[in-house]
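Chemist:
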Amino acid sequence: MLHYILRRILYAIPLLVGINLLTFVLFFVVNTPDDMARMHLGQKHVTAEALAKWKHERGYDLPLFLNQQAPGIDRLTQTIFHQKSVGLFLLNPGRSDDGRDIAADIGQRMGPSLALAVPALLLGLWLHISLALMLVFFRLTFLEPAGLAACVILMSISSLFYIITGQFVGGRLLQLVPISGYDDGLAAFRFLLLPVVISLISGAGSGIRWYRTLFLEEIGADYVRTARAKGLPETVVLFRHVLGNALIPILTGVVVVLPLLFTGSLLTESFFAIPGLGSYTLDAINQQDFAIVRVMVFLGSALYILGLLLTDISYTLVDPRVRLN
Amino acid sequence: MPVILWTDALFLLVLLGPALLLPAIRNREPFIRPWRSVLASGTARASLVILSAFVLIGLADSIHYRPADAGGTDPDEIISLLDRWLDGPRHHSEKTYSEPLAAYAHTREAVTDAAGATAWLYPRLQYGGRHLHDPERERWPDIRQRVGWGLLKASLLAGLLWAITQKLHRRNKPERPSAAAARITLLLLCLLTGVVAELANDYHVLGTDKVGEDVLYQSLKSVRTGLLMGILTTVATLPLALGLGVMAGYFRGWVDDVIQYVYTTLNAIPGVLLIAAAMLIMQAWMGRYDASLTSLAVRADLRLLALCLILGLTNWTGLCRLLRAETLKLREMDYVQAARILGVSTPRILLRHILPNLFHLVLISLALDFSSLVLAEAVLSYVNIGVDPATYSWGNMINSARLEMAREPVVWWSLAAAFVFMFSLVLAANLFADAVRDAFDPRRN
Numbered sequence: 005m006l007h008y009i010l011r012r013i014l015y016a017i018p019l020l021v022g023i024n025l026l027t028f029v030l031f032f033v034v035n036t037p038d039d040m041a042r043m044h045l046g047q048k049h050v051t052a053e054a055l056a057k058w059k060h061e062r063g064y065d066l067p068l069f070l071n072q073q074a075p076g077i078d079r080l081t082q083t084i085f086h087q088k089s090v091g092l093f094l095l096n097p098g099r100s101d102d103g104r105d106i107a108a109d110i111g112q113r114m115g116p117s118l119a120l121a122v123p124a125l126l127l128g129l130w131l132h133i134s135l136a137l138m139l140v141f142f143r144l145t146f147l148e149p150a151g152l153a154a155c156v157i158l159m160s161i162s163s164l165f166y167i168i169t170g171q172f173v174g175g176r177l178l179q180l181v182p183i184s185g186y187d188d189g190l191a192a193f194r195f196l197l198l199p200v201v202i203s204l205i206s207g208a209g210s211g212i213r214w215y216r217t218l219f220l221e222e223i224g225a226d227y228v229r230t231a232r233a234k235g236l237p238e239t240v241v242l243f244r245h246v247l248g249n250a251l252i253p254i255l256t257g258v259v260v261v262l263p264l265l266f267t268g269s270l271l272t273e274s275f276f277a278i279p280g281l282g283s284y285t286l287d288a289i290n291q292q293d294f295a296i297v298r299v300m301v302f303l304g305s306a307l308y309i310l311g312l313l314l315t316d317i318s319y320t321l322v323d324p325r326v327r328l329n
Numbered sequence: 039m040p041v042i043l044w045t046d047a048l049f050l051l052v053l054l055g056p057a058l059l060l061p062a063i064r065n066r067e068p069f070i071r072p073w074r075s076v077l078a079s080g081t082a083r084a085s086l087v088i089l090s091a092f093v094l095i096g097l098a099d100s101i102h103y104r105p106a107d108a109g110g111t112d113p114d115e116i117i118s119l120l121d122r123w124l125d126g127p128r129h130h131s132e133k134t135y136s137e138p139l140a141a142y143a144h145t146r147e148a149v150t151d152a153a154g155a156t157a158w159l160y161p162r163l164q165y166g167g168r169h170l171h172d173p174e175r176e177r178w179p180d181i182r183q184r185v186g187w188g189l190l191k192a193s194l195l196a197g198l199l200w201a202i203t204q205k206l207h208r209r210n211k212p213e214r215p216s217a218a219a220a221r222i223t224l225l226l227l228c229l230l231t232g233v234v235a236e237l238a239n240d241y242h243v244l245g246t247d248k249v250g251e252d253v254l255y256q257s258l259k260s261v262r263t264g265l266l267m268g269i270l271t272t273v274a275t276l277p278l279a280l281g282l283g284v285m286a287g288y289f290r291g292w293v294d295d296v297i298q299y300v301y302t303t304l305n306a307i308p309g310v311l312l313i314a315a316a317m318l319i320m321q322a323w324m325g326r327y328d329a330s331l332t333s334l335a336v337r338a339d340l341r342l343l344a345l346c347l348i349l350g351l352t353n354w355t356g357l358c359r360l361l362r363a364e365t366l367k368l369r370e371m372d373y374v375q376a377a378r379i380l381g382v383s384t385p386r387i388l389l390r391h392i393l394p395n396l397f398h399l400v401l402i403s404l405a406l407d408f409s410s411l412v413l414a415e416a417v418l419s420y421v422n423i424g425v426d427p428a429t430y431s432w433g434n435m436i437n438s439a440r441l442e443m444a445r446e447p448v449v450w451w452s453l454a455a456a457f458v459f460m461f462s463l464v465l466a467a468n469l470f471a472d473a474v475r476d477a478f479d480p481r482r483n
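Here the protein sequences come in this chain order: A and B.
Take any residue in the first sequence, count from 1 to its spot, add 4: that is its number in this note's numbering.
Take any residue in the second sequence, count from 1 to its spot, add 38: that is its number in this note's numbering.
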């Protein structure tokens, strides 16, 4: 087991290196620091001194890979590659383009992101799986086509519609909850209620359909026929046998996204003014802060790879059919 | 003088592609049978009718030219066939918001009358209902009359179409129930078009937005953007996914390792962030070549194309993985082994024996992706990494109208129009894609 986990971790390292190189090429070679400076300072009427000063303040004026002028080991460390990209591996994201400490920002904003994402994920799992099980239970009745039609309709509506209408109905017409904002501690509940409900509804169509296909794949299996043949009621068959076995693919689907919960949701957080990492990224994109976007790309990818790793491990734990060699 | 923009050319090419494939699959039962079962379903046919209507609008909006009488305002103006048809709504701009079918503005204004007295009232619109003398009394009768005329003309047209399809239909074959569903959809579409066409020149059927532009015109212009997002993205996806997926599966060994590494790496980067990074970089690039772009339309067009390519570059990994797995399976099949032993060259095996058997996977995945790409456009525009702000798109409409629900009284028509148009396209695409998947996926039969 330990051997297997070690091998998976070793496999993750070249992936991380690849992502790091890719972001480096995208952000510093394809798009040179000159381009960045020009985007910030305006395309026209910029003096060469202003450009140089902007780059120097942010450390973008160093050579890319090799600093010929520096002595000794500084030849390698006094470069953009070492300072901006290798730093990410050492968990040192550095400063944003307007001088903020990115690591501190991330630490501060992780909490609100989690406060929104965790309840949304758990409640979503519970609701969508129950509804999918109900569709399977009532299969071959009129409820099945009706439920499936409802799913397609829910899937075809833009997520922006859910958010905008949700804010209008919940916040303005009924005045049940504040339209947007955030508060620390338990007071956050009032602010999180509406975004969580909206994320449940907007994910319902695709979620229910996905779980239903998983259940339908199990329901034709031999062990289900055996269970029915020995006289078990349909509810027991569904809940104990079908749900139990379908939990394996469901679990792996969930484990993959677990680490990504930290990074939050761009849309929901910015619409509801929740100060999480999602709205942080969105603000960075809007202000064209390349440093933050670069760090978030790396962080997101690293968390995704962690998710893949956890998936592999959880597979070996729950699925007895998986052999480690 | 006709002008061909990049996206126009690619759009036409993508639409022509399947038509060119037609002779190749005409006599091959395995390719035709699934389509027959797609068309046997009523919902699939009805959604095909709606999709065709959208494609026709998009096509009319993809034939661009420079008008001979440029009107003097903008010598570089490029308009499309659709602009020509919608000349009325295109030019009838009001000052600001007005409700659908209104004759008066939505907000009060200080108006000075001939005698010099200033009053605080809702001013008459410049174009909406301007032919009426007394809108209070005449507006509804006038609208009712126009709706009646529209329905009458449309039903005449629909009757003609019905007669033609009846004539084409072979008498000895019993009519399928799915054909009836398609006809009813077509009839409803005709009636709707008739009514709108009758009203559109003298009213703002869907109201006007903040700067007074006709919302119906905006929504119809956005159709092309929505379609292009769904269709052109595949232009970038398909060669990559097909080429790399087949190579990885067929050659295995180090080729497989490299390709797997590349797509796992790309897949690990969160999609929105990769798109955002690529779009930021693209903007910096376009800044460099700003001077060489002649007109706004060309610039917006290039940005749309770039967005589609970027979406394609971030989207090919899923399909590539599927194709690799399928190729791995196919290459061990008896007929492929036999071909190899008989000395058939590798390119020929790939082309004749592997590719046709991957066709269903490609088709299913393209059909399923289409609707999510249309929806993604709206989200990306909201995040400001979508299409150019000057391009008409549902995402831009929603983005610029997102604070309107907070106004008093509520301005709902811009948002509603964008959402309804987007919903009908995506719903039709989803229903059609489901039918395609059910017909082509061998596991579902």
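In this text, a Cβ means the ideal position worked out from N, Cα and C, and glycines have one as well.
Specify the secondary structure class of residue 103(B) as computed by DSSP and reduced to three states.
Modeler: strand
Chemist: Is it buried or exposed for residue 247(B), if we count other Cβ within 10 angstroms and need 16 for buried?
Modeler: buried
Chemist: Mind checking which residues open and close the beta strand (DSSP E) that includes residue 156(B)?
Modeler: Residues 156-159.
Chemist: Between residue 160(A) and chain B, is any beta-carbon pair separated by less than 9 angstroms?
Modeler: Yes, because at least one Cβ of chain B sits closer than 9 angstroms to the Cβ of residue 160(A).
Chemist: Below 8 angstroms CB to CB, which residues in the same chain sit around residue 173(B) once its five sequence neighbours on both sides are set aside?
Modeler: Shown here for residue 173(B): same chain residues with a beta carbon closer than 8 angstroms to its own, the five before and five after excluded, namely 141, 142, 162 and 167 in chain order.
Chemist: Ignore the nearest five residues each way along the sequence and tell me which others in residue 284(A)'s own chain have a CB closer than 6 angstroms to its CB.
Modeler: 113
Chemist: Under the DSSP definition of a beta bridge, which residues are partnered with residue 142(B)?
Modeler: 162(B)
Chemist: Which partner residues of residue 147(B) appear in the DSSP bridge assignment?
Modeler: For residue 147(B), the pairing in a beta bridge is given by DSSP as 159(B).
Chemist: Starting from the beta carbon of residue 232(A), find every residue of chain B whose beta carbon is closer than 8 angstroms, and list them in chain order.
Modeler: Those do not exist, as residue 232(A) stays about 23 angstroms from chain B at its closest Cβ, beyond 8 angstroms.
Chemist: Based on DSSP bridge pairs, tell me the residues matched to residue 41(B).
Modeler: 102(B)
Chemist: Report yes if the CB atom of residue 234(B) is closer than 9 angstroms to the CB atom of residue 254(B), and no otherwise.
Modeler: yes
Chemist: If you run the structure through DSSP and keep just helix, strand and coil, what is residue 289(A)?
Modeler: helix
Chemist: Starting from the beta carbon of residue 351(B), find every residue of chain A whose beta carbon is closer than 8 angstroms, and list them in chain order.
Modeler: Taking a Cβ-Cβ threshold of 8 angstroms, none of the residues of chain A is close to residue 351(B); the smallest such distance is about 11 angstroms.
Chemist: Taking residue 289(A) as the query, report the chain B residues whose CB atoms sit under 8 angstroms from its CB, ordered along the chain.
Modeler: Neighbours of residue 289(A) on chain B, chain order: 314, 318, 421, 422 and 423.
Chemist: Please determine, among 95(B), 434(B) and 396(B), the residue with the shortest C-alpha to C-alpha distance to residue 122(B).
Modeler: Checked all of 95(B), 434(B) and 396(B); the closest Cα to residue 122(B) is 95(B).
Chemist: What are the boundary residues of the alpha helix (DSSP H) that includes residue 307(A)?
Modeler: 294-322
Chemist: Under 9 angstroms, Cβ to Cβ, is there at least one residue of chain A near residue 395(B)?
Modeler: no
Chemist: Let me know the secondary structure DSSP gives residue 187(A) once reduced to three states.
Modeler: Looking at residue 187(A) - three-state DSSP - the assignment turns out to be coil, as it is neither helix nor strand.
Chemist: Residues of chain B with CB closer than 9 angstroms to the CB of residue 285(A), please, in chain order.
Modeler: 310, 311 and 314
Chemist: Residue 317(B) and residue 269(B) - do their beta-carbons sit closer together than 9 angstroms?
Modeler: no
Chemist: To the nearest angstrom, report how far apart residue 148(A) and residue 241(A) are at their CA atoms.
Modeler: 19 angstroms
Chemist: Let's see if you can read the secondary structure: which residues bound the alpha helix (DSSP H) around residue 203(B)?
Modeler: In this chain, the alpha helix (DSSP H) harbouring residue 203(B) covers 173-206.
Chemist: Which residues in the same chain as residue 186(A) place their Cβ atom closer than 7 angstroms to its Cβ, once the five residues preceding and following it in sequence are excluded?
Modeler: 116, 192, 195, 277, 278 and 279
Chemist: Please classify residue 118(B): does DSSP put it in a helix, a strand, or coil?
Modeler: strand
Chemist: State the start and end residues of the unbroken alpha helix (DSSP H) segment that holds residue 433(B).
Modeler: 432-439
Chemist: Residue 51(A) by DSSP, collapsed to three states: which one?
Modeler: coil
Chemist: At a threshold of 8 angstroms, does residue 36(A) count as lining the ligand MG (C-beta to nearest heavy atom)?
Modeler: Ligands are entirely absent from the displayed structure, and the ligand MG is therefore not among its contents.
Chemist: Using DSSP's beta-bridge definition, name the partner residues of residue 99(A).
Modeler: BP columns for residue 99(A) point to 105(A).
Chemist: Run through chain A and tell me which residues come within less than 9 angstroms of residue 409(B), C-beta to C-beta.
Modeler: 159 and 160
Chemist: How many angstroms separate the CA atom of residue 151(A) from the CA atom of residue 136(A)?
Modeler: 9 angstroms
Chemist: Assuming residue 385(B) is part of the alpha helix (DSSP H), what are its boundary residues?
Modeler: 384-387
Chemist: With C-beta atoms as the reference, is residue 100(B) less than 9 angstroms away from residue 50(B)?
Modeler: yes
Chemist: Assign residue 339(B) to one of three DSSP states: helix, strand, or coil.
Modeler: helix
Chemist: Of all Cβ atoms in chain B, is any one closer than 9 angstroms to the Cβ of residue 40(A)?
Modeler: By this cut-off, residue 40(A) is an interface position.
Chemist: Residues of the stretch 11-36 of chain A with a CB closer than 8 angstroms to any CB of chain B: list them in chain order, please.
Modeler: 18, 19, 22, 23, 26, 27, 30, 31, 34 and 35
Chemist: Return no unless some Cβ of chain A is closer than 9 angstroms to the Cβ of residue 267(B).
Modeler: no
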